[in-house]
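*Asks:*
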Amino acid sequence: MSYTLAVAEAVAWRVLRNVFKNPSLLIPSLVFPLFFFTAFAGGLSRISQVPGFSFPAGYTAFQFVFVLLQSAAFAGVFTGFGIARDFERGFAKRLMIAAPNRRGIVLGYAVAALVRWALVAVLLTIVALIAGMQVGGNGVDLFGLFVLAALVNLAGTLWATGVAMRLRTIQAGPVMQFPVFMTLFFAPVYVPLALLTGWIHAIATVNPATRFLEAGRSLLAGDPQEVLPAFGVALGVVALFTVWAVRGLRSAERAGAS
Amino acid sequence: MKDVPIQVGSIAKRQIVRTVRQPAAVFFPVVFPLTLMLVNAGGLTPATRLPGFPTDSFYAFALAVPFIQGALFATMNAGTDLARDIQDGFFNRLALTPLRGTGLLTGLLAGVVVLGLAQAVIYVVVGLAIGVDFQSGAAGVLVLLLLSALILLAFGAIGATAALRTGSGEAVQGLFPAFFVFLFISSMNMPRDLIPIDWFRTAATANPVSYLIEGVRSLIITGWDPEALALAFGVAACLAVAALAAAALSMRTRMERT
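Sequence lines, in order, name chains A and X.
Number 195 in the numbering used here belongs to position 187 of the first sequence; there are no gaps in the numbering.
Number 88 in the numbering used here belongs to position 82 of the second sequence; there are no gaps in the numbering.
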């Protein structure tokens with residue numbers, strides 16, 4: 009266990025050092041969520057006047073939850089890009105030879121992704137509050153919202169880790185990114201689920217991201233609904249992608265990366 | 007002088023063939039804008055119930071966006087290809103031949119326009135397949151393709167300028183987020199008069215991309231709107247002239263350096 013933690017600490021430290029010392033890696037992950045928040049909350053706020061739209065905390069808060077979850081998932085995906093780059097440059101091979109417990113490598117990347125996202129989350133929250141976001145939830149509700157987003161971050165990291173360790177090239181970027189993007193956008197991004205119609209409603213109804221969004225929005229509004237099922241689904245997705253990532257690690261070992 | 011058409015044709019053919027041989031360079035400019043349009047239109051369909059919204063089909067409203075976004079992708083690919091030619095020495099070898107700088111630039115841009123028009127035809131076909139009724143009819147589709155060609159020429163020249171100035175594919179790719187900002191802070195998802203936030207509406211009004219989108223959109227949802235078309239063709243022509251001048255200047259500098 010101590011070996012696992014030692015490896016995780018070393019990997020996380022290295023990833024964070026790389027990210028924070030390299031503006032080309034840090035700035036896009038900070039700027040893009042702010043940009044999406046601005047574009048959605050600013051440009052589309054008239055949507056809240058559509059008949060049947062009801063969200064007491066307002067459209068800024070409605071979009072904040074989506075962008076918070078999106079930034080969480082993509083912080084994980086961006087970490088997957090780093091893993092793929094480590095394989096391309098041969099660093100991952102040296103890392104796997106040196107690590108006494110290789111599961112610590114996955115854990116280290118996950119911790120780094122979480123810390124990386126935490127910075128984005130703080131910045132996004134400050135900007136949203138400055139932009140006049142109304143918060144109806146109490147401290148416990150908000151804690152629940154951020155824990156839910158952290159689980160989404162972990163799921164995104166584990167998904168991207170599994171892909172990176174199987175394909176071991178930065179060209180796998182779209183494979184990591186596209187399914188996450190699609191899953192998020194096939195949820196009720198702009199209006200509540202009840203206002204969606206047709207094929208998008210059918211997909212959104214079975215999309216796990218819908219559970220996260222609706223529960224997260226209810227927590228922010230101070231009217232928690234379907235929170236436990238959302239946490240249940242999030243933990244299920246994390247468990248599934250943990251298996252995916254660990255099997256990816258084994259695939260990398262079999263392919264001779266160790 | 008009589009060799010110029012042959013030079014232009016050869017370079018254009020090379021540009022088309024090398025793009026078609028890279029599946030990712032063909033796949034993403036076609037699929038990504040259409041996917042984004044479908045998910046956005048699915049989610050934003052309730053917006054058509056807003057008073058003053060210009061159409062009852064958000065798919066028709068959103069179909070204008072892939073034409074601009076696809077041009078953006080095509081341009082980035084062309085700029086990256088030219089930068090790669092500079093990086094791997096192919097440009098130096100070309101400079102030793104009787105090929106003129108103008109021939110190279112015209113050939114490259116001709117290739118971009120031909121490929122971009124093929125994309126635009128796919129967008130039209132997809133639009134018809136999902137039930138979009140082009141209000142300006144068949145003649146309007148031809149005008150739409152003409153406008154697309156002018157936009158492709160302008161964006162292509164911007165990509166070529168970046169490639170010639172920096173000689174770096176990464177620097178050209180670095181333009182992508184900036185273009186993306188222009189796309190999102192525009193009337194992409196909402197008519198300007200329905201954007202309630204003042205600063206966003208002002209930014210969208212000052213943004214030339216809004217006029218390009220609105221010109222394309224007018225042919226789809228309005229019919230023949232002389233003002234929207236004049237603005238779109240005017241903005242595209244101004245961008246094209248300025249970008250071509252910058253590209254020609256950069257080409258001369260690059261040739262002298264070579």
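Ideal placement from N, C-alpha and C gives every residue a C-beta, glycine not left out.
Use the C-beta contact count for Trp207/A: other C-beta atoms within 10 angstroms, 16 or more gives buried, fewer gives exposed.
*Replies:* Translated into the one-based positions of the first sequence, residue 207/A becomes position 199. Label assigned to Trp207/A: exposed.
*Asks:* Which word fits Thr167/X, buried or exposed, when buried means at least 16 other C-beta atoms lie within 10 angstroms of its C-beta?
*Replies:* What you label residue 167/X is simply residue 161 of the second sequence in a count that begins at 1. When all chains shown are included, Thr167/X counts as buried.
*Asks:* What would DSSP say about Gly5/A, mapped onto helix, strand or coil?
*Replies:* There is simply no residue 5/A to check, as chain A begins at 9 and stops at 266 in what is shown.
*Asks:* Indicate whether at least one CB of chain X lies closer than 7 Å to the CB of Gly50/A.
*Replies:* Locating residue 50/A in the first sequence gives position 42, counting from the first residue. True, the Cβ-Cβ gap to chain X drops below 7 Å.
*Asks:* Compare the C-beta of Gly48/X against all C-beta atoms of chain A and say whether one is closer than 7 Å.
*Replies:* Taking the first residue of the second sequence as position 1, residue 48/X is located at position 42. Closer than 7 Å to some Cβ of chain A, the Cβ of Gly48/X qualifies, so yes.
*Asks:* Nearest to Gly137/X by alpha carbon, out of Ser63/X, Gly122/X and Gly85/X?
*Replies:* To locate residue 137/X, count along the second sequence from 1; it is residue 131. The candidate whose alpha carbon is nearest that of Gly137/X is Ser63/X.
*Asks:* I'd like to know whether the C-beta of Gly53/X is nearer than 7 Å to at least one C-beta of chain A.
*Replies:* Taking the second sequence and counting its residues from 1, one reaches residue 53/X at position 47. In the sequence as displayed, the identity of residue 53/X is Ala instead of Gly. Yes, Ala53/X counts as interfacial toward chain A.
*Asks:* Of all the options Thr211/X, Ala242/X and Arg207/X, which has the alpha carbon lying nearest to the alpha carbon of Val222/X?
*Replies:* Translated into positions along the second sequence, residue 222/X becomes position 216. Ranking the options by Cα distance to Val222/X, first place goes to Ala242/X.
*Asks:* Which residue spans inside the stretch 107-160 of chain X form an unbroken alpha helix (DSSP H) run of at least 4?
*Replies:* Restricted to the stretch 107-160 of chain X, the alpha helix (DSSP H) segments that are unbroken, complete and at least 4 residues in length are 107-135, listed in chain order.
*Asks:* Comparing the C-beta of Leu200/X with each C-beta of chain A, is any distance below 7 Å?
*Replies:* The sequence position of residue 200/X within the second sequence is 194, counting from 1. Cβ-Cβ to chain A under 7 Å: yes for Leu200/X.
*Asks:* Can at least three beta-carbon pairs, one atom from the stretch 194-214 of chain A and one from the stretch 40-51 of chain X, be found at a separation below 8 Å?
*Replies:* yes
*Asks:* Considering Cα atoms alone, identify which of Thr205/A, Leu228/A, Leu115/A and Ala247/A is closest to Leu76/A.
*Replies:* For the purposes of this step, residue 76/A is identified with residue 68 of the first sequence, where counting begins at 1. Of Thr205/A, Leu228/A, Leu115/A and Ala247/A, the residue nearest in Cα terms is Leu228/A.
*Asks:* What residue range is occupied by the uninterrupted alpha helix (DSSP H) comprising Ser79/A?
*Replies:* For the purposes of this step, residue 79/A is identified with residue 71 of the first sequence, where counting begins at 1. Tyr67 to Glu96 is the span of the alpha helix (DSSP H), which, as asked, contains Ser79/A.
*Asks:* For Trp21/A, which three-state DSSP category applies?
*Replies:* Walking along the first sequence from the start, residue 21/A turns up at place 13. In the structure shown, Trp21/A sits in a helix (DSSP, three-state: H, G or I).
*Asks:* Work out the CA separation of Pro232/A and Phe45/A for me, nearest whole Å.
*Replies:* For the purposes of this step, residue 45/A is taken as residue 37 along the first sequence, with counting starting at 1. For the purposes of this step, residue 232/A is taken as residue 224 along the first sequence, with counting starting at 1. Per the coordinates, the alpha-carbon of Phe45/A lies some 23 Å from the alpha-carbon of Pro232/A.
*Asks:* So, does the stretch 96-103 of chain X touch the stretch 140-152 of chain X, judging by three or more C-beta pairs under 8 Å?
*Replies:* no
*Asks:* Which residue comes first and which comes last in the alpha helix (DSSP H) that contains Ala70/X?
*Replies:* The residue labelled residue 70/X in the question sits at position 64 within the second sequence. Unbroken alpha helix (DSSP H) run through Ala70/X: Ala70 to Gln93.
*Asks:* Ordered along the chain, which non-local residues of its own chain (more than five positions away) have a Cβ less than 6 Å from that of Tyr11/A?
*Replies:* By one-based count along the first sequence, residue 11/A stands at place 3. Contacts found: Pro108 and Asn109.
*Asks:* Of all the residues that make up the stretch 52-73 of chain A, which are near chain X by a beta-carbon distance shorter than 7 Å?
*Replies:* Leu52, Ser53, Arg54, Ile55, Gln57, Val58 and Pro59
*Asks:* Please list the partners that Leu56/X has in chain A, where partner means a Cβ-to-Cβ separation under 8 Å.
*Replies:* Locating residue 56/X in the second sequence gives position 50, counting from the first residue. What Leu56/X touches in chain A: Arg54, Ile55, Gln57 and Val58.
*Asks:* Mind listing which residues of the stretch 166-197 of chain X have their C-beta closer than 7 Å to chain A's C-betas, in chain order?
*Replies:* Residues passing the 7 Å Cβ filter: Pro183, Val187, Phe190, Ile191, Asn195 and Met196.
*Asks:* Any contact of the stretch 56-73 of chain A with the stretch 96-107 of chain A, i.e. 3+ C-beta pairs under 8 Å?
*Replies:* no
*Asks:* Against chain X, with Cβ distances strictly below 7 Å, would Phe193/A count as a contact?
*Replies:* On the first sequence, position 185 is the one that residue 193/A refers to. Taking Cβ atoms only, chain X reaches closer than 7 Å to Phe193/A, which makes this a yes.
*Asks:* Output needed in chain order: residues of the stretch 199-218 of chain X with a Cβ under 8 Å from some Cβ in chain A.
*Replies:* Those residues of the stretch 199-218 of chain X that come within reach of chain A (Cβ to Cβ, closer than 8 Å) are Leu200, Ile201, Pro202, Ile203, Trp205, Phe206 and Ala210.
*Asks:* Could you tell me the boundaries of the alpha helix (DSSP H) in which Gln21/X lies?
*Replies:* Counted from its first residue, the second sequence places residue 21/X at position 15. Taken as a continuous stretch (DSSP letters only), the alpha helix (DSSP H) holding Gln21/X covers Val10 to Val26.
*Asks:* Is the number of C-beta pairs between the stretch 135-152 of chain A and the stretch 212-222 of chain A that are closer than 8 Å three or more?
*Replies:* no
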